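The numbers in the numbering used here rise by one with no breaks, and the one at position 116 of the sequence shown is 122.
In what follows, a structure is listed as structure tokens, so that the remarks can point back to it.
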Amino acid sequence: MPLASLLRPNTFDDFIGQSHLVGKNKPISLSIEKNHVFSMILWGPPGVGKTTLARLISKAHGRAYHELSAVSASKQDLRDIIEKTSQQKQLLESYEPPIVFLDEIHRFNKAQQDYLLPHVETGAIILIGATTENPSFEVISALLSRTKVYVLKPHGDADIAKIITRALSTLDQKKIPQKTIDWLIAYASGDARKLLNLLEHTHNLYKTITIKHLKQSAQSNQLSYDKQGDAHYDTISAFIKSMRASNVDASLYYLARMVDAGEDPKFIARRMVIFASEDIGLANPTALVVANEVFAAVERIGYPEAQINLAHGVAHLARCKKDRRAYDAFFAALKDVQTFGALPVPMNLRNAPTTLMKKEGYGAGYEMYPDTKVSLLPDKLKNKKYLQRQDTDSD
Numbered sequence: 007m008p009l010a011s012l013l014r015p016n017t018f019d020d021f022i023g024q025s026h027l028v029g030k031n032k033p034i035s036l037s038i039e040k041n042h043v044f045s046m047i048l049w050g051p052p053g054v055g056k057t058t059l060a061r062l063i064s065k066a067h068g069r070a071y072h073e074l075s076a077v078s079a080s081k082q083d084l085r086d087i088i089e090k091t092s093q094q095k096q097l098l099e100s101y102e103p104p105i106v107f108l109d110e111i112h113r114f115n116k117a118q119q120d121y122l123l124p125h126v127e128t129g130a131i132i133l134i135g136a137t138t139e140n141p142s143f144e145v146i147s148a149l150l151s152r153t154k155v156y157v158l159k160p161h162g163d164a165d166i167a168k169i170i171t172r173a174l175s176t177l178d179q180k181k182i183p184q185k186t187i188d189w190l191i192a193y194a195s196g197d198a199r200k201l202l203n204l205l206e207h208t209h210n211l212y213k214t215i216t217i218k219h220l221k222q223s224a225q226s227n228q229l230s231y232d233k234q235g236d237a238h239y240d241t242i243s244a245f246i247k248s249m250r251a252s253n254v255d256a257s258l259y260y261l262a263r264m265v266d267a268g269e270d271p272k273f274i275a276r277r278m279v280i281f282a283s284e285d286i287g288l289a290n291p292t293a294l295v296v297a298n299e300v301f302a303a304v305e306r307i308g309y310p311e312a313q314i315n316l317a318h319g320v321a322h323l324a325r326c327k328k329d330r331r332a333y334d335a336f337f338a339a340l341k342d343v344q345t346f347g348a349l350p351v352p353m354n355l356r357n358a359p360t361t362l363m364k365k366e367g368y369g370a371g372y373e374m375y376p377d378t379k380v381s382l383l384p385d386k387l388k389n390k391k392y393l394q395r396q397d398t399d400s401d
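Listed below in structure tokens is the structure:
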């Protein structure tokens, strides 16, 4: 039996982590104490106990339990469970709806999720869904409104240390040095399954757990990074916000995270080009030139050397002064366009290619270099000032 299965807790007393949900007077603990059963979605990264928690909830309530994976399960699998449930309900006076655990519920399409709706709503089944993706985007709103979403957090260092202790005991390993434990904690990054898989693999290959043997077993520590998932958007968000804050160290760290995870270098470079105009703008117009040159270099060179170009560009953009006035001014103007529609262009600015149009006043009074205080906007907006001035601006 895999080590992760051997260590899977059978009671809440042995469950490690998620104290904000299963601690004293916390939601899931209280629901069990009060025998209050309801449908829920467990949202969290891999290896934090979503499946284990679903099994413990089912066991604590004494309910029949069905476990499916949305990767392989079909609507027919659900139909079979529901039909069996309906038959039992007719035969048993003290019938209680079963708990159906659906792992990776985000993999179910809209039609499959729609099928669940009436059965969840009527209480024919108690649904516990598990997902690593944001349910707001991956689960239909009607199903979300009928479930409670609980967020599971990555295991903290103390939790991972406890899991390491249990694993070593199960593997009959002697106590290992603290520096080896620290290495394992860093490797796990809050993912217990990833940790246990490495410990088991290392034990099977080398029998002794050392940093050297762990590194040889792991070969590479690939970061958790789904290019279509939350990790992708969270990391690029942190990257942009770090450059915006002129924090070079954080900017380079999040760049390194993306590069190490295999993010498309052109995606990173495109965001840098946008950043150069959106956040630096008038403070340093050449930032856009630098960002474009980084993008061109990335296109021509590619990984691994392109990471050097990215780092050079990121360090420069992060250090630049920031000025969002051009960005803000444009969107303020766009808002007026969308609010007021196509307002008449002032006559003096209109094109007058024909004699008739000139007689109608098109282009009349046009000055090539008018006073800068003269408004050239439509009459309804003639007092508008989109670009806010700064003391450093020259006339």
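Heads up, the beta-carbon is just placed ideally off N, CA and C, and yes, glycines get one too.
Owing to the predicted nature of the structure, the values given are computational and were not obtained by experimental measurement.
Per DSSP, cross-strand counterpart(s) of residue i
i: M46; result: I134 and K154
i: V106; result: H72 and L133
Closest residue to residue i among the options (Cα-Cα distance)
i: T91; options: H125, A60 and R152; result: H125
i: R113; options: G135, M363 and P103; result: G135
i: I242; options: Y212, F273, N16 and I215; result: F273
i: Q118; options: S100, E139, E144 and K95; result: E144
i: A332; options: R395, E139 and S80; result: R395
i: L387; options: D266, E366, L349 and I187; result: L349
i: D415; options: M249, Y212 and L383; result: Residue 415 lies beyond the range of the chain shown here (7 to 401); nothing can be said about it.
i: V380; options: P359, G367 and L355; result: L355
i: P291; options: P271, H322 and E311; result: H322
i: T176; options: P8, Y239 and S223; result: P8
i: K116; options: Q313, T214, P104 and I146; result: I146
i: Y193; options: I182, Q225 and Y212; result: Q225
i: K56; options: D178, F44 and I22; result: I22
i: S25; options: Q344, Y101, M374 and L158; result: L158
i: A312; options: P271, H207, A358 and G287; result: P271
i: L84; options: Y101, D120 and P52; result: D120
i: A10; options: D266, E206, I34 and I280; result: E206
i: K404; options: E284, W189 and N41; result: Coverage of the chain is limited to positions 7 through 401, which leaves residue 404 absent and any answer about it impossible.
i: R325; options: G268, F337, A289 and F346; result: A289
i: K218; options: I307, W189, K30 and T128; result: W189
i: A237; options: T208, G268, S151 and D86; result: G268
i: Y309; options: D266, D385 and H209; result: D266
Boundaries of the alpha helix (DSSP H) in which residue i is found, first to last residue
i: Y337; result: Before going on, a small fix: residue 337 reads as Phe here, not Tyr. First-last of the alpha helix (DSSP H) with F337: R331 to F346.
i: D86; result: K81 to L97
i: A173; result: D163 to T176
i: Y260; result: V254 to D266
i: H318; result: A312 to R325
i: S142; result: P141 to E144
i: M363; result: T361 to K365
i: A370; result: Segment: none, A370 is in no alpha helix (DSSP H) and carries neither H nor E.
i: L288; result: Here L288 belongs to no alpha helix (DSSP H), and DSSP marks it neither H nor E.
i: H219; result: I217 to A224
i: M7; result: No alpha helix (DSSP H) holds M7; DSSP gives it neither H nor E.
i: V279; result: P271 to F281
i: V126; result: K116 to E127
i: I191; result: Q184 to A194
Residue i vs residue j beta-carbon contact at 8 Å
i: A173; j: L294; result: no
i: D334; j: K390; result: no
i: I215; j: T171; result: no
i: A130; j: I88; result: yes
i: Y368; j: M353; result: yes
i: V54; j: P160; result: yes
i: L62; j: L48; result: no
i: L36; j: Y156; result: no
i: A275; j: F301; result: yes
i: M46; j: T153; result: yes
i: L220; j: L202; result: no
i: P6; j: H72; result: Here the chain covers residues 7 to 401 and nothing more, so residue 6 does not appear.
i: L150; j: P141; result: yes
i: I246; j: R277; result: yes
**Message:** Does the structure place the region 108-122 close enough to the region 65-76 that three or more beta carbon pairs sit under 8 Å?
**Reply:** yes
**Request:** Determine, using beta-carbon pairs with one atom in the region 10-27 and one in the region 50-69, whether at least three such pairs fall under 8 Å.
**Result:** yes
**Item:** Any 3 or more C-beta pairs closer than 8 Å across the region 248-264 and the region 309-327
**Value:** yes
**Asked** Does the region 361-375 come close enough to the region 295-304 to have 3 or more Cβ pairs within less than 8 Å?
**Response** no
**Request:** Specify whether the region 159-166 and the region 189-199 touch according to this definition: at least 3 beta carbon pairs, one from each stretch, less than 8 Å apart.
**Result:** yes
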